[in-house]
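Residue numbers (my numbering): 6 to 265.
Using N, Cα and C, we set each Cβ at its ideal position, and we do this for glycine too.
These figures come from a predicted structure and were not determined experimentally.
Here is the structure we will look at, set down as structure tokens.
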Amino acid sequence: MKIVSGIAAWRDLRAGMRGSIGFVPTMGHLHEGHLALVRRMRAENDIAIASIFVNPTQFNQPSDYEQYRRVLEEDAALLEKEGIDYLFHPDAKDMYPDDYTIRISETEISKELEGIHRPGHFTGMLTIVLKLLNLVRPDRAYFGEKDYQQYLLIKKMAAALFLPSEIIPCPTVREESGLARSSRNTRLTPVQKDMAAQLHTLLQSPLTDQQVQQKLDAMGFDTEYVTTQWGRRLAAAWLGDVRLIDNIAYNKEEKHAAVS
Ligand code: PAF
């Protein structure tokens, strides 16, 4: 696996690539959820590319950005084991030569749910994803359904801006308890981790969104939202100082999970 940081070096390398190109953008600190995307991407394309870039513009708190775990060597070893051909690992100053004065914003979906609780997050996320897609120019780019609103926005941006890359959603990878895999899970205590699995269990229940929220709060979560839209049931809740999000395919009329 070749690791490339400089933009000019990357562009030279990219110009020489032939065959179908798959891409998984990440912020590193990889877990099984990322590896599922990487495996599918590796299987479906001639050339497999991953990126690791901790994007400063999508963090709401500068301290979260500073404290985000950066474990490049461990991540690179995992990616190499999965047969990735190229790891693109640019610097923030190189990715933002404009000092973030040029931004991509969406004015509908991005204003709901996560957009309310994390102002500016989606603008930072869309801006970096567009930059990465422009630099990598993949045939297919893979995103996890755990961040469902993010996936919807990237798909919408790709269609609106006529991007040539196909945006492919991949199912959420879960622990045996049902807890969605996330880099943040490592910050949960063992007791919190058991409790966190209730988020997925309750999302699947026939209770109303409001009842699910009440149950979560009664258990000790600080719930931001539980709602059913886009054919999904989605929730965000704090457990201690860890913010968890999850969603499942959900049939509103029949009030049950459309898939497990
Ligand atoms: O989902 C993520 O890890 C990030 O939002 C992404 C898509 C890599 C953009 O920074």
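Asked	Found
Val-264, DSSP secondary structure in three states	Per-residue confidence for Val-264 stands at a pLDDT of 49, beneath the threshold of 50, marking its modelled position as unreliable; the derived number appears in the next sentence. Residue state, collapsed to three classes: coil.
Ile-133 in three-state terms, based on DSSP	helix
Sequence-distant residues of its chain with Cβ nearer than 8 angstroms to Cys-175 (five each side left out)	Ala-41, Leu-42, Arg-45, Tyr-147, Phe-148, Gly-149, Glu-150
Residues of its chain near Val-247, where Cβ-Cβ distance is below 6 angstroms and the 5 sequence neighbours each way are ignored	Arg-189, Arg-192, Leu-193
Cβ shell of Leu-157 (< 8 angstroms), same chain only, five flanking positions each side left out	Ile-114, Trp-235
Pro-30 CB to nearest heavy atom of ligand 1 below 6 angstroms	yes
Pairwise C-alpha distance: Pro-124 and Thr-106	17 angstroms
Limits of the unbroken alpha helix (DSSP H) element including Val-196	195–208
Beta carbon of Ser-10 nearer than 7 angstroms to that of His-94	yes
Which of helix, strand or coil DSSP assigns to Thr-177	coil
Inter-stretch contact (C-beta, 8 angstroms, three-pair minimum) for the segment 85–93 and the segment 51–62	yes
Own chain, CB closer than 7 angstroms to Phe-5, minus 5 neighbours either side, in chain order	This structure gives no information on residue 5, because the portion of the chain shown stretches from 6 to 265.
Beta-carbon gap between Thr-232 and Leu-239 smaller than 7 angstroms	yes
Where Ala-272 falls, given that 16 or more other Cβ within 10 Å makes a residue buried	Because the chain spans 6 through 265 in this model, residue 272 falls outside it and cannot be assessed.
Pro-30 in three-state terms, based on DSSP	strand
When Phe-226, Asp-144, Asp-152, Arg-179 are compared against Ala-163, the one with the closest alpha-carbon	Asp-144
Check: Met-100 C-beta below 6 angstroms from any heavy atom of ligand 1	no
Cα-Cα separation, Ser-265 to Ala-201	Note that Ser-265 scores 40 on pLDDT, short of 50, meaning its location in the model is unreliable; the coordinates nonetheless yield the value given after this. Spanning the two alpha carbons is a distance of roughly 17 angstroms.
Spatial neighbours of Gly-33 in its chain, beta-carbon cut-off 7 angstroms, leaving aside the 5 residues before and after	Ile-57, Val-59, Arg-75, Val-76, Leu-77, Asp-80
Cβ neighbours of Thr-128 in the same chain (closer than 6 angstroms, five flanking residues each side left out)	Arg-108, Ser-110
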